RNA sequence: CGGGGCGUAGCGCAGCCUGGUAGCGCGCCUGCCUUGGGCGCAGGAAGUCCCCGGUUCAAAUCCGGGCGCCCCGACCA
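Residue numbers (the numbering used here): 6 to 510.
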């Protein structure tokens with residue numbers, strides 16, 4: 006058996022190896038590169054060291070480790086709740102799609118064919134018709150909807166599926182862009198354009214609500230330009246978030262597919278007047294890329310910082326003791342407090358590992374982003390207190406003595422404060438790095454390290470020019486407009502809408 | 001696809017120029033000792049030196065070919 010060479014799970018740079026000889030150098034190896042010094046490397050090492058994910062033997066593929074998957078499960082629950090509350094149901098459609106399906110919708114095939122993985126052999130035999138590994142499921146679902154929908158009474162159809170898809174990307178990065186990624190894709194069919202448009206916007210709103218309330222990430226919902234539109238959509242909407250380096254990340258999308266797929270797959274219904282009509286369809290998705298957003302929005306130089314509402318562990322209990330006698334007393338108290346917290350539906354982890362110093366554990370859980378750490382030593386047992394250490398406030402500033410009385414209430418309160426503080430910090434950062442340039446020169450400065458909001462004439466030539474000259478792209482036309490009229494930031498022609506520009510992942 | 005870098009223990013690397021016993025740090029295992037911000041000591045396990053071929057008495061090292069990974073660019077949800 007030949008062992009395939011895998012990318013290095015732990016790449017500590019050469020320049021660090023040089024410091025190794027000196028006494029203090031070991032610390033620098035344990036630390037992440039700082040965000041300001043090398044944001045990209047900070048991200049790579051954080052993902053590995055927080056044990057969210059690891060590289061797979063195939064280029065561009067990712068192993069989601071249990072801690073990362075637990076985070077994803079919490080994301081799934083928060084979204085699934087919202088989908089169900091708006092009348093959607095889950096189902097599962099196949100991984101393999103006949104290649105001819107992809108080819109039925111003109112712009113869909115044009116958009117996706119360069120990045121398809123195709124199966125040509127099955128059971129040792131060359132296949133009559135190659136099968137593509139789904140890059141998204143509009144086609145195979147469209148085929149099913151054509152069979153299921155006959156009458157206006159069958160509408161709307163509101164189905165979602167949780168799955169993974171494959172797109173053969175050239176340049177990959179853990180969570181942000183991998184060959185295979187996990188997501189949910191919702192697919193709906195409606196009787197009218199208006200209903201389809203309402204659905205598209207409703208789901209965009211759900212993504213925005215999820216991002217802000219659960220992940221503490223402020224987002225800008227908006228409409229995509231023609232060039233950034235999904236292959237096969239009449240209209241694409243997205244939520245855009247600002248990462249810690251000032252770049253934009255599209256964090257969820259919602260598409261109004263018009264009648265494009267309905268016509269390609271003959272999805273039709275008989276209306277009340279007995280007239281055969283094509284359906285109006287939508288699709289919307291949010292992927293594990295969102296985990297990348299959480300990392301890049303909230304993380305600091307110590308590691309990950311998870312929003313309490315999504316964190317796999319909201320609280321970690323770290324016992325501290327010197328000898329067996331102290332250990333017995335401390336562990337007994339830790340066990341009791343743990344039960345109290347569990348009874349209050351808090352997600353709690355007790356770090357019982359032997360042979361690791363408390364200091365090591367502090368750093369370890371900070372790397373993993375647990376929002377609240379509770380330290381309990383012999384002094385606390387004696388005094389009836391514990392030490393809270395808030396992850397969002399490093400060092401002594403985030404530490405406080407808290408009574409063991411009513412601990413579950415104090416913890417819940419602290420978690421809410423952390424959740425709110427993370428959102429406020431992210432919002433303040435985005436505001437500080439979002440500018441409203443008065444001319445093109447100011448625009449260029451603004452998109453160097455953040456967002457620009459300015460009038461845009463709607464002409465794709467300006468979009469192209471801006472991209473060529475600044476590397477910034479139009480992220481979206483925000484739904485929320487201040488109104489009025491102005492001049493295009495690029496060409497100076499009259500413009501009615503303001504657009505969001507920034508460098509993007 | 002173009003340019004650059006790299007493949008040696010689980011990880012980070014040295015050794016290669018000048019061919020001859022495969023090494024260091026971290027991690028891992030055992031024991032002792034420690035524990036309120038990344039403890040310490042002692043012992044131990046662990047290698048297809050990416051693959052194939054060539055040169056040579058002898059190849060991690062020299063030569064030829066292949067494969068893979070990373071970074072930058074191009075392309076792109």
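Beta carbons are placed, not taken as given, at the ideal position from N, Cα and C, and that holds for glycine.
In this text, all values refer to a predicted model and were calculated from it rather than measured experimentally.
{"Item": "What do you get for residue 402, buried or exposed, if any count of 16 or more other CB atoms within 10 angstroms of its CB means buried?", "Value": "exposed"}
{"Item": "What is the C-beta distance between residue 166 and residue 96, in whole angstroms, given that I count them as a contact (C-beta under 8 Å)?", "Value": "6 Å"}
{"Item": "Would you kindly work out how many angstroms separate the C-alpha atoms of residue 51 and residue 84, rounded to a whole number?", "Value": "25 Å"}
{"Item": "Secondary structure at residue 289, three-state DSSP: helix, strand or coil?", "Value": "strand"}
{"Item": "Could you give the distance in angstroms between the alpha-carbon of residue 311 and the alpha-carbon of residue 248?", "Value": "14 Å"}
{"Item": "For residue 240, which beta-bridge partners are listed by DSSP?", "Value": "261"}
{"Item": "Kindly indicate which residue of 182, 200 and 192 has the alpha-carbon position closest to the one of residue 145.", "Value": "192"}
{"Item": "Using CA atoms only, rank isn't needed, just tell me which of 423, 287, 469 and 489 is closest to residue 232.", "Value": "469"}
{"Item": "Alpha carbon to alpha carbon, how far is residue 291 from residue 298?", "Value": "12 Å"}
{"Item": "Who does residue 163 pair with in a DSSP beta bridge?", "Value": "193"}
{"Item": "Fully enclosed by the segment 34-108, which alpha helix (DSSP H) runs are 4 residues long or longer?", "Value": "44-54, 71-90 and 104-107"}
{"Item": "Check residue 493 in the structure and name its three-state DSSP category.", "Value": "coil"}
{"Item": "Consult DSSP for residue 188 and reduce its assignment to one of helix, strand or coil.", "Value": "strand"}
{"Item": "Can you pull the DSSP bridge partners for residue 381?", "Value": "324"}
{"Item": "Quick check: the Cα distance between residue 88 and residue 262, rounded to an integer number of angstroms?", "Value": "19 Å"}
{"Item": "Mind reading off the beta-carbon distance from residue 228 to residue 471? Whole number of angstroms is fine, and I expect it under 8 Å.", "Value": "Rounded, the Cβ-Cβ distance is 17 Å, inconsistent with contact."}
{"Item": "Who are the Cβ neighbours of residue 383 in its own chain at under 8 Å, not counting the five residues just before and after it?", "Value": "325, 326, 327, 331, 334 and 335"}
{"Item": "Is residue 507 helix, strand or coil by DSSP?", "Value": "strand"}
{"Item": "I need the straight-line Cα distance from residue 394 to residue 321, nearest angstrom please.", "Value": "10 Å"}
{"Item": "Taking Cβ positions, are residue 221 and residue 377 nearer each other than 7 Å?", "Value": "no"}
{"Item": "Is residue 177 helix, strand or coil when you go by DSSP?", "Value": "coil"}
{"Item": "What do you get for residue 486, buried or exposed, if any count of 16 or more other CB atoms within 10 angstroms of its CB means buried?", "Value": "exposed"}
{"Item": "Which residue comes first and which comes last in the alpha helix (DSSP H) that contains residue 4?", "Value": "Residue 4 lies beyond the range of the chain shown here (6 to 510); nothing can be said about it."}
{"Item": "Please report the straight-line C-alpha distance between residue 200 and residue 208, rounded to a whole angstrom.", "Value": "12 Å"}
{"Item": "Give me the Cα-Cα distance between residue 184 and residue 357, rounded to the nearest whole angstrom.", "Value": "38 Å"}
{"Item": "How big is the Cα-Cα spacing for residue 278 and residue 160?", "Value": "15 Å"}
{"Item": "By DSSP, does residue 402 sit in helix, in strand, or in coil?", "Value": "helix"}
{"Item": "Quick one: using the 10 Å Cβ neighbour count with 16 as the cut-off for buried, is residue 461 buried or exposed?", "Value": "buried"}
{"Item": "So which of 269, 136 and 59 has the shortest CA-CA distance to residue 149?", "Value": "269"}
{"Item": "Kindly identify the DSSP beta-bridge partner or partners of residue 254.", "Value": "246"}
{"Item": "List in chain order: all unbroken beta strand (DSSP E) runs of 3+ residues lying wholly within the segment 449-493.", "Value": "456-461 and 478-483"}
{"Item": "State buried or exposed for residue 125, treating a residue as buried only when at least 16 other CB atoms are found within 10 Å of its CB.", "Value": "exposed"}
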